[in-house]
Structures are given as C-alpha cells and as structure tokens.
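Here is the structure we will look at.
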Amino acid sequence: MKLSTKGRYGLRALIDLAQYSGNEPVSITSIAGRQEISERYLEQLMALLKKEGLVKSIRGASGGYVLAKDLSEISVGDVLRALEGSLDPVECSGLNPDEGCKAADVCVTKYVWQRINDSINQTVDEMRLDQLVEEQKRMGSHDMQGQTDCKN
105 MKLSTKGRYG LRALIDLAQY SGNEPVSITS IAGRQEISER YLEQLMALLK
155 KEGLVKSIRG ASGGYVLAKD LSEISVGDVL RALEGSLDPV ECSGLNPDEG
205 CKAADVCVTK YVWQRINDSI NQTVDEMRLD QLVEEQKRMG SHDMQGQTDC
255 KN
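Just so it is clear: in the sequence shown, position 80 is 184 by the working numbering, and no numbers are missing.
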C-alpha cells in the first residue's frame, strides 16, 4: 500500500492544525507556510476533511479552520480514509459474497488478504491525533517543517 500526497500532506496539515488552533481558527496560509504545502492543494485537502466532519471552516477576517472533534476522537484512519478512500491494499471479491467470486469457496489466499487489510486498518485506527501531537512535542519541534526531505 502506498499513500498519495493527499494522505501524507493532509495528516501533516491536521497535526499542524491541532497544534496551533487552541480555540482560534488557523488559516490555510499559516498551515501551508509551516508545512511547505501549496495553499491551493491544502484547500482541496481541507474540503475533503470538512466533508467527512473532521474540520470546520470559520469565515471572516480572522477565519480559518478548527478541528470538528476532540483530538482524542480523530484517528489516523479517519484522516487517511477521508483523503484516500479505502486503505485496503488488496481488493478480493472472495471476501465479499455479493461479488460472486467463483473461487471463494476453495481459495485460501482470501484469508491472507483479509488479515493484511485488518492489520492496516487496526493500526491506523488505534493511532489518535492527540498521540501524534504529544509525540511531536516530545521530538522538540512544534512544527513539522523539513519533513519534506523524508518524503512525508
């Protein structure tokens, strides 16, 4: 499974928003500047996150974005699914009886694919935004600038 820039940049942007918002909206310009992400691209990502109920937009001169839920209620899985869609690296029709896989009754590989899919989903669902913000603080940096070098 390989995540696109939507997932990678969107997660970085949401961590940034969580770090800097408090009770005040954070502007696209400030997030984009700290994270070295194009404002235009970031607007697209925020629209997807808003559609899924993860962020709210505040209009006006001091407007921007705030989290729509508490940090502890937002999982990495929520963010990645909002931006990427399904995280299952393998789509196997044998796992869904309605898809009519002819080999479903005799194919054991479907169990491999199911375990891989379940593992990935469980891992990202267990990680919460509040944990990532705390980890970022422990790392001694209040922003994630420079992470573009590690392809994040």
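Note that beta-carbon positions come from the ideal geometry of N, C-alpha and C, so glycine has one too.
- Residue pairing of residue 168 in beta bridges, as defined by DSSP: 162.
- Excluding sequence positions up to five before and after residue 186, its CB lies within less than 8 Å of the CB of 114, 152, 153, 155, 156, 158, all in the same chain and listed in chain order.
- In terms of Cα proximity to residue 226, the closest of 192, 240, 133, 139 is 192.
- The continuous alpha helix (DSSP H) containing residue 110 extends over residues 109–125.
- In this structure, the CA atom of residue 147 is about 13 Å from the CA atom of residue 139.
- In the structure shown, the three-state DSSP call for residue 130 is strand.
- Burial check for residue 243: the Cβ neighbour count within 10 Å stays below 16, so the residue is exposed.
- Between the segment 225–241 and the segment 172–191, the count of C-beta pairs closer than 8 Å reaches three or more; the two stretches touch.
- Annotated three-state conformation of residue 179 is strand, per DSSP.
- Rounded to the nearest whole angstrom, the C-alpha separation of residue 223 and residue 182 is 15 Å.
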